[in-house]
Amino acid sequence: MIVQADECGISRAVEVLRRGGCIGLPTETVYGLAGNGLDGEAVARIFEIKRRPHFDPLILHVADPGDAAGVAAEVPEAARRLMERFWPGPLTLVLPRRPVVPDLVTAGLETVAVRCPAHGVAREVLRRFGGPLAAPSANPFGRLSPTTAQAVAEGLGSGVELILDGGACERGIESAIVDCSGPMLRLLRHGALAKEELEAVAGPMEVAATGEAIRAPGLLAHHYAPGLPLWLAGEAADAAHPWGLETAVLAWDRNPAGVGAVRVLSGRGDLREAAARLFACLRELERSGARRIVAEPVPGEGLGMAIRDRLAKASSGWLRRQGDSWIEVPR
285 MIVQADECGI SRAVEVLRRG GCIGLPTETV YGLAGNGLDG EAVARIFEIK RRPHFDPLIL
345 HVADPGDAAG VAAEVPEAAR RLMERFWPGP LTLVLPRRPV VPDLVTAGLE TVAVRCPAHG
405 VAREVLRRFG GPLAAPSANP FGRLSPTTAQ AVAEGLGSGV ELILDGGACE RGIESAIVDC
465 SGPMLRLLRH GALAKEELEA VAGPMEVAAT GEAIRAPGLL AHHYAPGLPL WLAGEAADAA
525 HPWGLETAVL AWDRNPAGVG AVRVLSGRGD LREAAARLFA CLRELERSGA RRIVAEPVPG
585 EGLGMAIRDR LAKASSGWLR RQGDSWIEVP R
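Each residue of the sequence shown is one higher than the last, beginning at 285 in the working numbering.
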């Protein structure tokens, strides 16, 4: 059930949470499937609704930066600097956990992922609820993340009791995740804050390699997938490429000819706009009647790294030129 995120809707959402239920919650990144983060049964319900494997940790969301101390045993100096600069906002920090955090939230790890969202509705729900909420993206596991309340309803159906409609998500792509629990800061997931922004505040950080042990959400090799095969092109589409009308194109900054459906991420070449539009564009293309989606390359800088990360994990493989034609190279 979708309800407006007004006084009545927020009150109803908090009631659902207090009795152990789950809600669709708008944030500035994507919509979350939220439940009481300190209640093992509520957390188990999140995994059940999403059909999410239990080895994939969840992020705990808190109303205010100071609330992180309730679930984190330690907040290192670098983490404090990041909090002061980017919280509330699209940044998740991995910190040593307190015993109060259920093992199901952390997948049995000795660390916990924590975020303070910037969305006014999310923070109001958190304040009224009075505790941390576990809130992974509100979609079936491995599928496109939802950036509208309607997308949550279409993906999860009756599995979620109530969805607060807070409008389209401003950022449209998940938070960046930084592991602050060790001697060296590590960027575990590219997200709505670029690595360069984070390093300007906290200093150099390593980038986690693909295939490492799962320490945070969104790190599996295949994730964020649309309902059609998605192929990554090595160059921009144009009329000379034999894509055909059965191919939908996710274009970077212009509208190519000679193809079926097209969605342009940013006509002005703006990476923030492109990130905000990514999942919504893919969702529209998977309904276009095409048989596959081809994604043009996006600049590999700033937020472009987060877009590339999502596309790579969503893809079936790459398109490679062979003479005058293109062949599909599976992952």
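Note that the Cβ used here is the ideal one computed from N, Cα and C, for glycine as well.
For R470, the uninterrupted beta strand (DSSP E) segment begins and ends at R470 to R473. Looking at the DSSP output, R576 bridges to T531.
With fewer than 16 other beta carbons inside 10 angstroms of its own, G607 counts as exposed. Cβ neighbours of L566 within its own chain (closer than 6 Å, five residues either side excluded): L428 and P510. Residue burial is scored here from C-beta neighbours: S442 has fewer than 16 other C-beta atoms within 10 angstroms and is therefore classed as exposed. With 16 or more other CB atoms across the displayed protein chains lying within 10 angstroms of its CB, C306 is buried. Here V582 carries a coil assignment [DSSP, helix/strand/coil]. In this structure, the beta-carbon distance from A476 to L534 does not fall below 9 Å. DSSP, read as helix, strand or coil, puts D537 in coil. Going by DSSP, E332 is part of the alpha helix (DSSP H) stretching over G324 to K334. Under the DSSP assignment, I294 falls in the alpha helix (DSSP H) whose first and last residues are E291 to R302. When C-alpha distances from Q434 are compared across V491, V444 and F425, the shortest belongs to V444. Each of A596, P467, A564 and G528 was checked against the Cα of W515, and the nearest Cα belongs to A596.
Look at L393 here: in three-state DSSP terms it is coil, with no helix or strand label. Around the beta carbon of P310, a 10 Å sphere encloses 16 or more other beta carbons of the protein chains shown; the residue is thus reported as buried. Residue burial is scored here from C-beta neighbours: S295 has fewer than 16 other C-beta atoms within 10 angstroms and is therefore classed as exposed. Taking 4 residues as the minimum length, the alpha helix (DSSP H) runs contained wholly in the region 397-455 are 404-413 and 433-440, in order along the chain. It is roughly 22 Å from the alpha-carbon of H507 to the alpha-carbon of G319. Assignment of A558 by DSSP, reduced to helix, strand and coil, places it in the helix class.
Out of P374, R303, V384 and N423, the CA that lies nearest to the CA of G439 is found in N423.
Between the alpha carbons of V405 and A289 lies a gap of roughly 7 Å. Residue state for L595 is assigned as helix, using DSSP reduced to three classes. Sequence-distant Cβ neighbours of T390 in its own chain, meaning closer than 7 Å and more than five residues away, are P341, R381 and V396. Within its own chain, the residues whose Cβ lies closer than 6 Å to the Cβ of G373, once the five positions on either side in sequence are excluded, are A402, listed in chain order. In the pairwise beta carbon analysis, the region 320-330 is classified as not touching the region 477-493: fewer than three pairs are separated by under 8 Å. For E480, the secondary structure class from DSSP, reduced to helix, strand or coil, is helix. Inter-segment contact for the region 445-460 and the region 346-362 is absent: fewer than three beta-carbon pairs are separated by less than 8 Å. Taking the CA atoms as reference points, A574 sits about 7 Å from G544.
Nearest to A419 by alpha-carbon distance, out of L322, V287, A492 and A486, is L322. By the neighbour-count criterion, in which a residue is buried when 16 or more other Cβ atoms sit within 10 angstroms of its Cβ, I343 is buried. Distances from the alpha-carbon of L603 to those of F563, T531, A560 and F370 put T531 closest. L549 and A559 have their C-alpha atoms some 8 Å from each other.
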